[in-house]
Amino acid sequence: MTKLDELREQLNEIDEQFLRLVQKRQALVEEIGQVKQKMGRGTRDFGREKVVIERARGLADDLGLDPDLAAALFRQLIQASLTVQERDRLEQRGTGGGRPVLLIGGAGRMGKWFADFLDAQGYNVTIADPAGSVDGFENVDDWQALDLDDFYMIVVAAPIRATNRVLLELAERAPSGVVLDISSVKEPVRPGLEALVAAGVSTTSVHPMFGPSTELLSGSHVIFIDLGDRQALDAARALFDDTMAAKAEMKLEQHDRAMAFVLGLSHALNIAFGDALAQSGPRAERLDEVSSTTFARQVGVAGEVARENPYLYFEIQAFNPYSDETLAALADSVAHLRETVANGDEEAFVEMMERGREFLTARPEASDGNSG
1 MTKLDELREQ LNEIDEQFLR LVQKRQALVE EIGQVKQKMG RGTRDFGREK
51 VVIERARGLA DDLGLDPDLA AALFRQLIQA SLTVQERDRL EQRGTGGGRP
101 VLLIGGAGRM GKWFADFLDA QGYNVTIADP AGSVDGFENV DDWQALDLDD
151 FYMIVVAAPI RATNRVLLEL AERAPSGVVL DISSVKEPVR PGLEALVAAG
201 VSTTSVHPMF GPSTELLSGS HVIFIDLGDR QALDAARALF DDTMAAKAEM
251 KLEQHDRAMA FVLGLSHALN IAFGDALAQS GPRAERLDEV SSTTFARQVG
301 VAGEVARENP YLYFEIQAFN PYSDETLAAL ADSVAHLRET VANGDEEAFV
351 EMMERGREFL TARPEASDGN SG
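Residue numbers for the sequence shown follow the UniProt record's numbering, so the first one is 1 and each next one is one higher.
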């Protein structure tokens, strides 16, 4: 064995010890979570997190290590710890109590997320999706053949266009349980929601502001649409009571106007960025070799957007009545930037950047380090 091989073997042993210590730490995390549940305390303690990270930075500095590396490592450990505690809290509380839930459209990525989420809380989930079945759950081919009054709640997790049709069909049946959808845009499903309300069905609408790969809901938002039925709204909110998701209530019109910026504008910007690079062809080759921090971050975000469902993203743009306003604002800003540079107008360029800086730095996220 060469000296290099010996050193690598030592490194392997240290790596194994490190992972075993992480495993031991996670076991303690589970125990701490159980103690906090018995004490009636919340999962997340920001003060404790700050102490842990500051202590890690101090220890790293004493050991001659990079404090930023230590802080990043412990943030990842805290994230993993919170994920374990949040999932354990959902399972231990068992708020579902075996109550039956019908999930229409559960074979999609977000539908599967909801199936697992509800199952973890102790709900008895039945999935109805013509696209196929989901392992681990009771599956039916046609929800119309079911006795809908058997279900405590009906969640519609279908594509936006299909969702409105399902809601209208549900209104004709007038089930006794709570009905909600999880569409990203609400105006296209307004007819279905209004039909349910008119039929006397306990109805609300929910928009989870995260994707199906999300495991920890801390830092994520869930929007609840107030359709005038407090019982339905409270039932939907209760699904997320044992998570760390931030909950907000909005009227339907407020929701779509906000989403035109939050989703529509941000998606459009990243789609255009990726498309501009793709169309540049050879001119954009080897950019990774000379990438700046800003470029790398932007490529990362644009890449995440590009990997999402393009059909869903089209629906988010095309079916939001306020999309044209935000796309026009984006086009105007790009045109103004191009004109400013072409004319060599430094003053206008600086003014444009400072206007954006003033708005962006005034937002809460700018001071708490949360990139959203």
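Every residue, glycine too, gets a C-beta built ideally from N, C-alpha and C.
(message) Going by C-alpha to C-alpha distance, which of Pro212, Met244 and Ala128 sits closest to Leu148?
(response) Looking up residue 148 in the sequence shown gives position 148. When only C-alpha atoms are compared, the closest one is Ala128.
(request) Leaving aside the five residues before and after residue 459 along the sequence, list all residues of the same chain whose C-beta is less than 8 Å from its C-beta, in chain order. (result) Residue 459 falls outside the range modelled here, since the chain spans only 1 to 372, and no answer is possible.
(request) To the nearest angstrom, report how far apart Asp256 and Asp234 are at their CA atoms. (result) The residue given as residue 256 occupies position 256 in the sequence shown. The residue given as residue 234 occupies position 234 in the sequence shown. Across the structure, Asp256 and Asp234 are spaced so that their CA atoms are roughly 21 Å apart.
(request) Go through the region 192 to 261 residue by residue and report every complete run of the alpha helix (DSSP H) that reaches 4 residues or more, in order. (result) List check, alpha helix (DSSP H) in window: 230 to 238 and 252 to 259.
(message) Let me check one thing: in DSSP terms, what residues is Glu138 bridge-paired to?
(response) Translated into the one-based positions of the sequence shown, residue 138 becomes position 138. Answer is Thr126.
(request) Put Val178 into one of helix, strand or coil per three-state DSSP. (result) For the purposes of this step, residue 178 is taken as the residue at position 178 of the sequence shown. DSSP, read as helix, strand or coil, puts Val178 in strand.
(message) For Ala328 and Asn320, I'd like the C-alpha separation in whole angstroms.
(response) Indexing the sequence shown from 1 puts residue 328 at position 328. Indexing the sequence shown from 1 puts residue 320 at position 320. When only Cα atoms are considered, Ala328 and Asn320 end up about 14 Å apart.
(request) Mark Glu215 as exposed unless 16 or more other C-beta atoms lie within 10 angstroms of its C-beta, in which case mark it buried. (result) The residue given as residue 215 occupies position 215 in the sequence shown. It is exposed - the Cβ of Glu215 has fewer than 16 other Cβ atoms within 10 Å.
(message) Across the region 239 to 257 and the region 216 to 229, are there enough close Cβ pairs to call them in contact, namely three or more that are closer than 8 Å?
(response) Yes: the two stretches touch, three or more of their Cβ pairs being nearer than 8 Å.
(request) Measure the beta-carbon distance from Ala195 to Leu167 and round it to whole angstroms, keeping in mind my assumption that it falls under 8 Å. (result) Translated into the one-based positions of the sequence shown, residue 195 becomes position 195. Translated into the one-based positions of the sequence shown, residue 167 becomes position 167. Between Leu167 and Ala195 the Cβ distance is about 7 Å, and since that is below 8 Å, they are a contact.
(request) Excluding the 5 residues preceding and the 5 following Ala56 in the sequence, name in chain order all residues of the same chain whose CB lies nearer than 7 Å to its CB. (result) Position 56 of the sequence shown holds residue 56. Once the five neighbours on either side are set aside, the close Cβ partners of Ala56 are Ala70, Ala71 and Phe74.
(request) Could you please give me the residues that DSSP links to Pro100 through a beta bridge? (result) Start at 1 with the first residue of the sequence shown, and residue 100 comes out as number 100. The partner list for Pro100 (beta bridge, DSSP) reads Asn124.
(message) Suppose the cutoff is 7 Å on Cβ atoms and the five residues either side in sequence are ignored; what does the same chain contact list for Thr340 look like?
(response) On the sequence shown, position 340 is the one that residue 340 refers to. Within the same chain, Thr340 has close Cβ partners Ala348, Phe349 and Met352.
(request) Can you grab the Cα-Cα spacing for the pair Val134 / Gly105, in whole Å? (result) As a position in the sequence shown, residue 134 is number 134, starting the count at 1. As a position in the sequence shown, residue 105 is number 105, starting the count at 1. Rounded to whole angstroms, Val134 to Gly105 spans 10 Å at the Cα level.
(message) In whole angstroms, give me the CA-to-CA distance for Ser291 and Asp15.
(response) Translated into the one-based positions of the sequence shown, residue 291 becomes position 291. Translated into the one-based positions of the sequence shown, residue 15 becomes position 15. Those two C-alpha atoms are separated by around 31 Å.
(message) Once DSSP output is grouped into helix, strand and coil, what is the label at Val29?
(response) Taking the sequence shown and counting its residues from 1, one reaches residue 29 at position 29. If DSSP states are grouped into helix, strand and coil, Val29 belongs with the helices.
(request) State buried or exposed for residue 454, treating a residue as buried only when at least 16 other CB atoms are found within 10 Å of its CB. (result) As displayed, the chain neither begins before 1 nor continues past 372, which places residue 454 out of reach and without an answer.
(message) Once DSSP output is grouped into helix, strand and coil, what is the label at Met39?
(response) By 1-based counting over the sequence shown, the position of residue 39 is 39. In this structure, DSSP gives Met39 a helical state, which the three-state scheme calls helix.
(request) Determine the contact status of Gly108 and Ala157, defining contact as a CB-CB distance below 8 Å. (result) Taking the first residue of the sequence shown as 1, we reach residue 108 at position 108. Taking the first residue of the sequence shown as 1, we reach residue 157 at position 157. Yes, these two residues count as a Cβ contact at 8 Å.
(request) Taking only the alpha-carbon atoms, compute the straight-line gap between Ala2 and Gln10 and give it to the nearest angstrom. (result) Position 2 of the sequence shown, counting from 1, holds the residue named residue 2. Position 10 of the sequence shown, counting from 1, holds the residue named residue 10. Reading off the sequence, residue 2 comes out as Thr, not Ala. Their backbone Cα atoms lie some 13 Å apart in a straight line.
(message) Can you tell me which residues form a DSSP beta bridge with Met153?
(response) If you number the sequence shown from 1, residue 153 lands on position 153. Beta-bridge pairing links Met153 to Val101 and Val178.
(message) Taking its Cβ as the centre, do 16 or more other Cβ atoms sit within 10 Å of Tyr123, making it buried, or is it exposed?
(response) By 1-based counting over the sequence shown, the position of residue 123 is 123. The residue in question, Tyr123, is buried, as its Cβ has 16 or more Cβ neighbours within 10 Å.
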